[in-house]
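Engineer: Handing you this structure, nothing more for now.
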Amino acid sequence: MALDSMLLDILACPEDKGPLLYFETDGFLYNPRLRRRYRIDDGIPVMLIDEAETLDDAGHQAMVEQAEASGIGLNFTPGSEGEASA
Numbered sequence: 001m002a003l004d005s006m007l008l009d010i011l012a013c014p015e016d017k018g019p020l021l022y023f024e025t026d027g028f029l030y031n032p033r034l035r036r037r038y039r040i041d042d043g044i045p046v047m048l049i050d051e052a053e054t055l056d057d058a059g060h061q062a063m064v065e066q067a068e069a070s071g072i073g074l075n076f077t078p079g080s081e082g083e084a085s086a
């Protein structure tokens, strides 16, 4: 089950508040900065740090390569979401 595009637009990593890679066919969201994978259960993202899987170097590299090969990009551009200017 695919995530709603409006939901995907606002989802961020609960730890660093940054954007995620969405692997729709595999059913998870991935934070490449922290190497953390968040599962999606029945269309509901499980965005709990304690429930996330942290990947080792090989797992991280595989995720990055899969994202590049599949054209998967970050779900939003950091700094573009409602930040006030100084």
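1 is the number of the first residue of the sequence shown in the working numbering; add one for each residue after it. Positions of the beta carbon are idealized from the N, C-alpha and C atoms, including for glycine. As the structure is a prediction and not an experimental result, all values here were calculated from the model.
The beta strand (DSSP E) with I40 in it runs from where to where?
Structural biologist: Taking the sequence shown and counting its residues from 1, the one referred to as residue 40 is at position 40. Counting along the chain, the beta strand (DSSP E) containing I40 begins and ends at R36 to D41.
Engineer: From the DSSP output, in three-state form, read off M47 for me.
Structural biologist: Residue numbering aside, residue 47 sits at position 47 when the sequence shown is read from its first letter. In the three-state scheme derived from DSSP, where H, G and I count as helix and E and B as strand, M47 is classed as coil.
Engineer: Quick check: L20 and L74, are their CB atoms within less than 9 Å of each other?
Structural biologist: Indexing the sequence shown from 1 puts residue 20 at position 20. Indexing the sequence shown from 1 puts residue 74 at position 74. Cβ atoms of L20 and L74: closer than 9 Å.
Engineer: Roughly how many angstroms lie between the CA atoms of E51 and A2, to the nearest whole one?
Structural biologist: Taking the sequence shown and counting its residues from 1, the one referred to as residue 51 is at position 51. Taking the sequence shown and counting its residues from 1, the one referred to as residue 2 is at position 2. Going by the C-alpha atoms only, they are around 20 Å apart.
Engineer: Answer yes or no: do R35 and G18 have a C-beta to C-beta separation smaller than 9 Å?
Structural biologist: Counting from 1 along the sequence shown, the entry for residue 35 is found at position 35. Counting from 1 along the sequence shown, the entry for residue 18 is found at position 18. Cβ atoms of R35 and G18: not closer than 9 Å.
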